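Enquirer:
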Amino acid sequence: MKDWGKIIVASVFEVGWVIGLKHAESAMEWLGTAAAIWVSFYLMIVASRTLPVGTAYAVFVGLGAAGTVIAEIILFSVAVNPAKLILITVLLTGVIGLKFVTDEGGENEWHGSH
73 MKDWGKIIVA
83 SVFEVGWVIG
93 LKHAESAMEW
103 LGTAAAIWVS
113 FYLMIVASRT
123 LPVGTAYAVF
133 VGLGAAGTVI
143 AEIILFSVAV
153 NPAKLILITV
163 LLTGVIGLKF
173 VTDEGGENEW
183 HGSH
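Each position in the sequence shown, counted from 1, maps to that position plus 72 in our numbering.
1) With three or more beta-carbon pairs closer than 8 Å as the criterion, would you say the segment 137 to 155 touches the segment 112 to 126?
2) Along the alpha helix (DSSP H) that carries LEU123, what are the first and last residues, could you check?
3) Per DSSP, what kind of secondary structure is TRP182 in: helix, strand or coil?
4) In terms of residues, what are the limits of the alpha helix (DSSP H) holding VAL84?
5) Closer than 7 Å: is that where the CB of LEU93 sits relative to any heavy atom of the ligand HEM?
6) What does the alpha-carbon distance come out to for the pair LYS156 and ILE142?
7) Is the beta carbon of VAL90 closer than 8 Å to that of GLY136?
8) SER112 by DSSP, collapsed to three states: which one?
9) Ordered along the chain, which non-local residues of its own chain (more than five positions away) have a Cβ less than 6 Å from that of LEU170?
10) As a quick exercise: from GLY92, ASP75, ILE79 and LYS78, pick the residue whose alpha carbon is nearest that of GLU144.
11) Return helix, strand or coil for THR165, following the three-state DSSP convention.
In structure tokens form, the structure reads like this:
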């Protein structure tokens, strides 16, 4: 579970750097954006060493995308679009579903025709 925690924290930093790319103006804001990029990718890479990379990446991107939309609504007063919220719910449902059906130990992996 600790590696999934790294994916969640990496997704939070992803939200930070995506918002930073759009809104950063000062050198310190750009430095914070660069640091968030580094932390998010570092945690994603470390967690992917033990987790199935496709599922880990899907969870990372899905949480980051949903978090970015929600952060824009909360922090920057972006208009709430009901259709967008429904689609985020569908996205998060899929991400959670992927996490639950993923065999972390690789016991159920198919290794050829045997």
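No residue lacks a Cβ here, since even glycine has one placed at the ideal position from N, Cα and C.
Since the structure is predicted, the reported quantities are computational estimates derived from the model, not experimental observations.
Expert: Quick answer:
1) No: fewer than three Cβ pairs fall under 8 Å.
2) In the sequence shown, counting from the first residue as 1, residue 123 sits at position 51. First-last for LEU123: undefined, no H or E at that position.
3) Working through the sequence shown from its first residue, we reach residue 182 at position 110. Summary for TRP182: the model assigns pLDDT 46, below 50, so the residue's position carries little reliability, and this model does not support an answer.
4) The count along the sequence shown starts at 1 and reaches residue 84 at position 12. Per DSSP, VAL84 belongs to the alpha helix (DSSP H) from 74 to 95.
5) What this structure holds is no ligand at all, so the ligand HEM is not there to describe.
6) In the sequence shown, counting from the first residue as 1, residue 156 sits at position 84. In the sequence shown, counting from the first residue as 1, residue 142 sits at position 70. In a straight line, the C-alpha of LYS156 is about 10 Å away from that of ILE142.
7) Against the sequence shown, residue 136 aligns to sequence position 64. Against the sequence shown, residue 90 aligns to sequence position 18. Cβ distance < 8 Å, so GLY136 and VAL90 count as in contact.
8) On the sequence shown, position 40 is the one that residue 112 refers to. Correct three-state label for SER112: helix.
9) Residue mapping note: residue 170 aligns to position 98 of the sequence shown, counting from 1. Hits under 6 Å: THR127 and ALA130.
10) By 1-based counting over the sequence shown, the position of residue 144 is 72. It is GLY92.
11) Residue numbering aside, residue 165 sits at position 93 when the sequence shown is read from its first letter. Of the three classes helix, strand and coil, the one that applies to THR165 here is helix, per DSSP.
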